[in-house]
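K.L.:
This is the structure I have questions about; it appears just below.
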Amino acid sequence: MENSNKIFKIKGLIKHYDWGGKTFIPQLLNIPNPDKKPFAEYWLGSNLDEQFEKVPYLMKVQDVEKMLSIQVHPSKEVARIKYKEENAKGIPLDAPHRNYKDENHKPELLSPLSEFYLLHGFKAPVAMDKILKEVSELNFLQQLFKGADYKALYTKVMTIPQEEVNERLRPLLERIVPLYNAGKLNKGNEDFWAARASLTFNMNGNTDRGIFSIYLFNVVTMHPGQALFQDAGLPHAYLEGYTMEIMANSDNVLRGGLTPKYIDVKELLEHVKYEPTVPDVIAGHSSGTLEEIFVTPATDFQLSRIKIKKQEGIAIPAKKTDIYFVYKGNVDATADEQTEHFSPGDAFLAVPGTVVHFGSEEEAVVYRASEPVTT
Numbered sequence: 010m011e012n013s014n015k016i017f018k019i020k021g022l023i024k025h026y027d028w029g030g031k032t033f034i035p036q037l038l039n040i041p042n043p044d045k046k047p048f049a050e051y052w053l054g055s056n057l058d059e060q061f062e063k064v065p066y067l068m069k070v071q072d073v074e075k076m077l078s079i080q081v082h083p084s085k086e087v088a089r090i091k092y093k094e095e096n097a098k099g100i101p102l103d104a105p106h107r108n109y110k111d112e113n114h115k116p117e118l119l120s121p122l123s124e125f126y127l128l129h130g131f132k133a134p135v136a137m138d139k140i141l142k143e144v145s146e147l148n149f150l151q152q153l154f155k156g157a158d159y160k161a162l163y164t165k166v167m168t169i170p171q172e173e174v175n176e177r178l179r180p181l182l183e184r185i186v187p188l189y190n191a192g193k194l195n196k197g198n199e200d201f202w203a204a205r206a207s208l209t210f211n212m213n214g215n216t217d218r219g220i221f222s223i224y225l226f227n228v229v230t231m232h233p234g235q236a237l238f239q240d241a242g243l244p245h246a247y248l249e250g251y252t253m254e255i256m257a258n259s260d261n262v263l264r265g266g267l268t269p270k271y272i273d274v275k276e277l278l279e280h281v282k283y284e285p286t287v288p289d290v291i292a293g294h295s296s297g298t299l300e301e302i303f304v305t306p307a308t309d310f311q312l313s314r315i316k317i318k319k320q321e322g323i324a325i326p327a328k329k330t331d332i333y334f335v336y337k338g339n340v341d342a343t344a345d346e347q348t349e350h351f352s353p354g355d356a357f358l359a360v361p362g363t364v365v366h367f368g369s370e371e372e373a374v375v376y377r378a379s380e381p382v383t384t
């Protein structure tokens, strides 16, 4: 007999990367964690059963307890070319020095579930001039930035010898690490993250050159209900907090520091966008409904937040395969004659053409991953 259901409960994949926290995701998913494993990410979309239409996106719940590496993602055109080049060279897909694991781009959108901190693009010229002047250990970079030459500036910090990195950053760290340890620095300040990075990533007597970038990039503080889009070429790093993230299906990463992993400096420098970035923190667009859509240029995905009020329903049409994650509250979802009950931490899929009616006896929040509707 053919299954007439339109709504299907799904399970995601848990990723135990060492930068993850130990409580937020286990509590959200209502699973024990007696061994205190790090729960970094909960993936939804990449492991769907074969009976369902493949989706071009991956939605994640993330718990960033330790700082992540500085990253840049390539454009789709670059990924296609470079993936084939690395294949032709016979570089295994799992090789540590492999840069391109697939032929896709990796635009991303994050929407915090807590106060969230990240690095996002280069500072504007005035702010860059100010910090290069005020932080004495960065004074040597002032002349390079004449005429807002972002390429010269970033190339310099990424290519100077390791011995010089150690020498130039030593007095800075000697000054700020004691302040960090004494709790005298705040998270909106570059010194806080530079000190934390030095205690996390400096190894074998060497200082991580990514610490320079903490001062060159925007330090952004975000809050629940906001979102931020990150496209190809934009350097960024997640620093701390809980967030929802949605991205195109890709694993192409060029790293720029704050990591013990492989850094291909030459490749990185070819694909960074050398321009100032004013962080475009957005709110959801509601159009008078309970669904707040975070509008971006992405063609692979769309993320929205559905805020369900007590005893007030909302109907959401699924044009393609949509994935829902219940973040807060107990929710009833109805499609045709089928009604399913979902609790916080549950996820479900709605097949194309389904209209999902949501209801709740309490305040509830559901995140929806979908594809943008083109007219």
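Residues 10 to 384 (my numbering) make up the sequence shown, in order. Where a beta carbon is used, it is the ideal one built from N, C-alpha and C, also for glycine.
1) Quick one: using the 10 Å Cβ neighbour count with 16 as the cut-off for buried, is M10 buried or exposed?
2) Classify I185: buried if its beta carbon has 16 or more other beta carbons within 10 angstroms, exposed otherwise.
3) Determine whether the beta carbon atoms of I40 and G266 lie at a separation below 7 Å.
4) With DSSP as the reference, label S207 as helix, strand or coil.
5) May I ask whether a heavy atom of the ligand ATP can be found less than 6 Å away from the beta carbon of L150?
6) To the nearest angstrom, how far is it from the Cα of H245 to the Cα of T343?
7) If you follow the beta strand (DSSP E) that P121 is in, where does it begin and where does it stop?
8) Starting from F221 and walking both ways along the alpha helix (DSSP H), at which residues does that stretch end?
9) Pull up the distance between the alpha-carbon of I325 and that of V365, whole angstroms please.
10) Since I believe L225 is in contact with F131 (beta carbons under 8 Å), could you give me their beta-carbon distance rounded to a whole number of angstroms?
11) Under 7 Å, do V375 and P353 count as touching if we go by C-beta distance?
12) Going by CA-CA distance only, name the one from L162, V64, Q347 and K139 that's closest to L150.
13) Can you give the Cα-Cα distance for Y283 and V81, rounded to whole angstroms?
14) What is the residue span of the beta strand (DSSP E) that L237 lies within?
15) Are G250 and V70 touching if we call contact CB-CB under 7 Å?
16) Could I get the ranges of all uninterrupted alpha helix (DSSP H) runs contained in the stretch 71 to 121, with 4 residues as the minimum, in chain order?
17) Quick check: what's the CA-CA separation for I317 versus E301?
P.N.:
On the basis of the supplied data:
1) Confidence is the limiting factor: at M10 the pLDDT is only 35, short of 50, which leaves the residue's position unreliable and the question unanswerable from this model.
2) Flag for I185 reads buried.
3) At the C-beta level, I40 and G266 stay beyond 7 Å of one another.
4) In the structure shown, S207 sits in a helix (DSSP, three-state: H, G or I).
5) The ligand ATP is absent from the structure shown, which contains no ligands of any kind.
6) Computed Cα separation, rounded: 40 Å.
7) Where P121 is concerned, the enclosing beta strand (DSSP E) stretches over E117 to P121.
8) G219 to L225 is the extent of the alpha helix (DSSP H) around F221.
9) Inter-residue distance for I325 and V365 is about 5 Å (C-alpha atoms, whole angstroms).
10) Going by Cβ atoms, the distance from F131 to L225 rounds to 6 Å, so yes, they are a contact pair.
11) No; because the gap between Cβ atoms is not below 7 Å, this pair is not in contact.
12) Comparing Cα-Cα distances from L150 to each of L162, V64, Q347 and K139, the minimum goes to L162.
13) Distance between the alpha carbons of Y283 and V81: 12 Å.
14) Its beta strand (DSSP E) spans residues Q235 to Q239.
15) Between G250 and V70, the gap from beta carbon to beta carbon reaches 7 Å or more.
16) With a minimum length of 4 residues, the continuous alpha helix (DSSP H) runs that stay inside the stretch 71 to 121 are 85 to 97.
17) Rounded to whole angstroms, I317 to E301 spans 11 Å at the Cα level.
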